[in-house]
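Residues in the sequence shown are numbered from 1 upward in steps of one, following our numbering. A virtual CB, placed ideally from N, CA and C, is assigned to each residue, including glycine. Quantities reported herein were computed from a predicted structural model and do not represent experimental measurements.
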Amino acid sequence: MKKLVLVVILVLTSILIFTGCKSDEDRLYVFNWGEYIDPEVISIFEEETGIKIIYEEYEDNESMYPKVKNAIVPYDVVFPSEYMVEQMIKEDLLYPLNFDNIPNFDLINNRFKNFDFDPNNTYSVPYMWGTLGILYNTTMVDDVVDSWDILWNDKYTNNILMTNSIRDAFAVPLKMLGYSINTTNENELEEAKQLLIEQKPLVQGYFIDQMRDKMINNEAALAVTWNGEAIYTMEENEDLAYVVPKEGSNMWIDLVVIPKTSKNKDNAEKFINFLCRTDIALMNTEYIGYSTPHIEAKSLLDEGLRNDPAAYPSDDLLDRCEVFTDVGETREVYNQKWLEIKID
1 MKKLVLVVIL VLTSILIFTG CKSDEDRLYV FNWGEYIDPE VISIFEEETG
51 IKIIYEEYED NESMYPKVKN AIVPYDVVFP SEYMVEQMIK EDLLYPLNFD
101 NIPNFDLINN RFKNFDFDPN NTYSVPYMWG TLGILYNTTM VDDVVDSWDI
151 LWNDKYTNNI LMTNSIRDAF AVPLKMLGYS INTTNENELE EAKQLLIEQK
201 PLVQGYFIDQ MRDKMINNEA ALAVTWNGEA IYTMEENEDL AYVVPKEGSN
251 MWIDLVVIPK TSKNKDNAEK FINFLCRTDI ALMNTEYIGY STPHIEAKSL
301 LDEGLRNDPA AYPSDDLLDR CEVFTDVGET REVYNQKWLE IKID
């Protein structure tokens, strides 16, 4: 009887192990920014493929990076920004992509391919793009909003929302000072830090996700944010407007990559190709509100949105913008100075 029980246990254990392995093969661990995909897109993919999406969100690149680097979860698909892609490539954290499995990559506008942070897009596929600028309430702001320096006007004390993203926050004073947003010069970063400390008494808080509701509900006059957030809030509150200041700003690109934590690279590439399908790219850009690099999806957008300079700015404006690059060891300087700003 004992031998029979042992045999039964071993058989059941083998079945569970086999089932577990099969289950793992039919799962994808997706790690994305908050509210950065249409939930229906996930459902469609699961229904079409039988692959279960295990979905998790993060607030910024800096909180995503250590989880991927330390393999906290076997993530299969992640959506880092351009400078973080560059850093992850340097640290050998990403798989090269097999574009035989991603034929829909051809539908991505060439303008958003082959940047220096990933030549030939060996490791990444563009997902969304946009600009960093100022969202403001036209009933609460009676000055011309065309420069970053309005964020230092004490008339708007406690009515200014700053971004809680380190690189984006530093981009504001760096552009005011005429410096590159990719500077590695510690003296320039110290000047930028001092400006942010000087601004701090005027700031209501440092936000990302909460900014939307605050601006929609007229709880602040000015906010540093991304154009997609601005477009969404302007649809909810007709008194809001968005501008990229004359000093220039950041043109950002978020991309899709496969970290080496992935145990399902083929299925991950299947998911990336799915995201590049015209109908899916259209669903995502309409849901999220950010600009799509997908040629056909953009052409199918409502004409008003397609021609909205907040969503699809002119080449002249983009020429005044920079794409973030990895600043190497200087990223620790950025982190330390950000901490000094927060605790000052």
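Query, Result
"Start and end residues, alpha helix (DSSP H) containing P74", "Neither: P74 is in no alpha helix (DSSP H) and is coded neither H nor E."
"One or two residues paired with A241 in a DSSP bridge", "Y136"
"Assumed close pair G205, S291 - CB separation to whole angstroms, cut-off 8 angstroms", "About 27 angstroms; that fails the 8 angstroms criterion."
"First and last residue of the uninterrupted alpha helix (DSSP H) at N267", "K265 to L275"
"Residues near K22 by beta carbon distance below 6 angstroms, same chain, minus five either side", "Here the model assigns K22 a pLDDT of 44, short of 50, so the residue's position is not dependable and the matter cannot be decided."
"Alpha-carbon spacing of R27 relative to N273, whole angstroms", "16 angstroms"
"C-beta contact flag for K200 and I341 at 8 angstroms", "yes"
"Classification of A223 by the beta-carbon crowding that lies within 10 angstroms, buried from 16 upward", "buried"
"Inter-stretch contact at 8 angstroms, needing at least 3 Cβ pairs: the segment 71-80 / the segment 253-269", "yes"
"Coil, strand or helix - C21 by DSSP", "With a pLDDT of 44 at C21, under the threshold of 50, the modelled position of that residue is not reliable, and no figure is offered here."
"As assigned by DSSP and simplified to three states, the class of Q210", "coil"
"Neighbourhood of D266 by C-beta, 7 angstroms cutoff - its chain only, sequence neighbours within 5 removed", "N101"
"Contacts around L12, its chain only, beta-carbon distance under 8 angstroms, and the 5 residues preceding and following it disregarded", "Since pLDDT at L12 reaches only 43, below the 50 mark, its modelled position is unreliable, and the value read off the structure follows with that caveat. Cβ within range, chain order: n/a, list empty."
"Where F31 sits in the DSSP three-state scheme", "strand"
"Cβ separation of G133 and Y242, assumed to be a contact under 8 angstroms, to the nearest whole Å", "6 angstroms"
"As assigned by DSSP and simplified to three states, the class of T233", "helix"
"Environment of A71 [buried if 16+ CB atoms lie within 10 Å]", "exposed"
"Outcome for P173 when other beta-carbon atoms lying within 10 angstroms are tallied against a minimum of 16", "buried"
"Three-way DSSP call (helix, strand, coil) for P126 in this model", "strand"
"Burial state of S124, where buried means 16 or more other Cβ atoms lie within 10 Å", "buried"
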